[in-house]
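So the sequences go chain by chain: H and B. Going by the numbering used here, the first residue of the first sequence is number 1200, and it counts up by one from there. Going by the numbering used here, the first residue of the second sequence is number 1200, and it counts up by one from there. Here's the structure we're looking at; comments come further down.
2 protein chains.
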Amino acid sequence: MSTNAMNIEPVGQVRAISSDKSSLEIEDRYVEALLGVEPGDKLQVLYWMHKLTADDRRRLRVHPRGDTARPIQGVFALRSPMRPNPVGVTVVEVTAIQGTRVVVNGLDALDGSPIIDLKNAG
Amino acid sequence: MSTNAMNIEPVGQVRAISSDKSSLEIEDRYVEALLGVEPGDKLQVLYWMHKLTADDRRRLRVHPRGDTARPIQGVFALRSPMRPNPVGVTVVEVTAIQGTRVVVNGLDALDGSPIIDLKNAG
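Structure below.
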């Protein structure tokens, strides 16, 4: 099979610990994929912004940061969470690893967000 | 509704023009989302790596860049295309815009890759 449907399987879930600290709770079946992830590493986290509604996904133009003093722009020119496919991408720093829990700084994802992927970010 | 399924709707398709030059062919119904995207902008392109097989998605550990001289690592510690959810993330530079066609430099996506999202990359 050379193609496949765009079906996403969550690999874990975000747990918000404090304003800047989160835990990436990776599912047991993906623990092997963490081999080589170490404290100090920068990771790019892809997650599903699960609180966005169907209406949010249909908004193609918004005021940047909701500031009505700023002119409306297309969501592809911004990083607004409003977008047709609500996939967030944020670079974080790993501070600790405990089994399938990866503690990170700098993730702006809401508690409970499904995790789609982790990638090395140099 | 405060949650939604992780259903991704492609917003367009990658057309590979040359080794470094691609066209992002955005679907007509998303043209409004391009307002404010201009030549010289850096965009983060999210795309589906549609040629990966179900077997590729199950490989959780690989040799970096397929180089067997390098020790095996987990895919979450790498940027290998092998990963449970084959979403590629690449920063590109916009060189031209013609309606719903955004010509970019630096995209390593295969021809025909479905586009998931474009985000401002500063």
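Glycine included, every Cβ here is placed at the ideal spot set by N, Cα and C. Computed from a prediction, not measured in an experiment: that's the story for all the values here.
Under 8 Å by Cβ, that's how I've got VAL1293 (chain B) and ASP1240 (chain B) pegged, so tell me the actual separation to the nearest angstrom. 5 Å
GLU1208 (chain B): contacting residues in chain H (beta-carbon distance under 8 Å): PRO1283 and ASN1284
With a CB to CB cut of under 8 Å and the five nearest residues on each side skipped, what residues in its chain are close to TYR1229 (chain H)? VAL1210, GLY1211 and THR1299
Coil, strand or helix - GLU1231 (chain B) by DSSP: helix
Residue of B:ILE1225, B:ARG1257, B:PRO1263 and B:ALA1204 minimising C-alpha distance to SER1312 (chain B): B:ILE1225
Buried or exposed for SER1201 (chain H), going by 16 or more other Cβ atoms inside 10 Å? Bear in mind that a pLDDT of 39 at SER1201 (chain H), under 50, signals an unreliable position, so the model cannot answer this.
Is there a C-beta anywhere in chain B that falls below 7 Å from the one on ASP1316 (chain H)? yes
Using 7 Å as the threshold, is the C-beta distance between LEU1233 (chain H) and GLY1273 (chain B) below it? yes
Do you know whose CA, among B:ARG1282, B:ILE1315, B:VAL1291 and B:GLY1321, lies nearest ASP1219 (chain B)'s CA? B:VAL1291
Residues, ordered as in the chain, of the stretch 1264 to 1277 of chain B that lie near chain H by beta-carbon distance below 9 Å: PRO1270, ILE1271, GLN1272, GLY1273, VAL1274, PHE1275, ALA1276 and LEU1277
Please confirm whether any heavy atom of the ligand GDP lies closer than 6 Å to the CB of GLY1321 (chain B). As presented, the structure is devoid of all ligands, the ligand GDP included, so that no description of it is given.
In angstroms with no decimal places, state the Cα-to-Cα distance between ARG1214 (chain B) and ALA1308 (chain B). 9 Å
Are the stretch 1266 to 1286 of chain H and the stretch 1234 to 1253 of chain H touching by the rule of at least three beta carbon pairs closer than 8 Å? yes
Just to confirm, are ALA1276 (chain B) and GLY1235 (chain H) a CB contact at a threshold of 7 Å? yes
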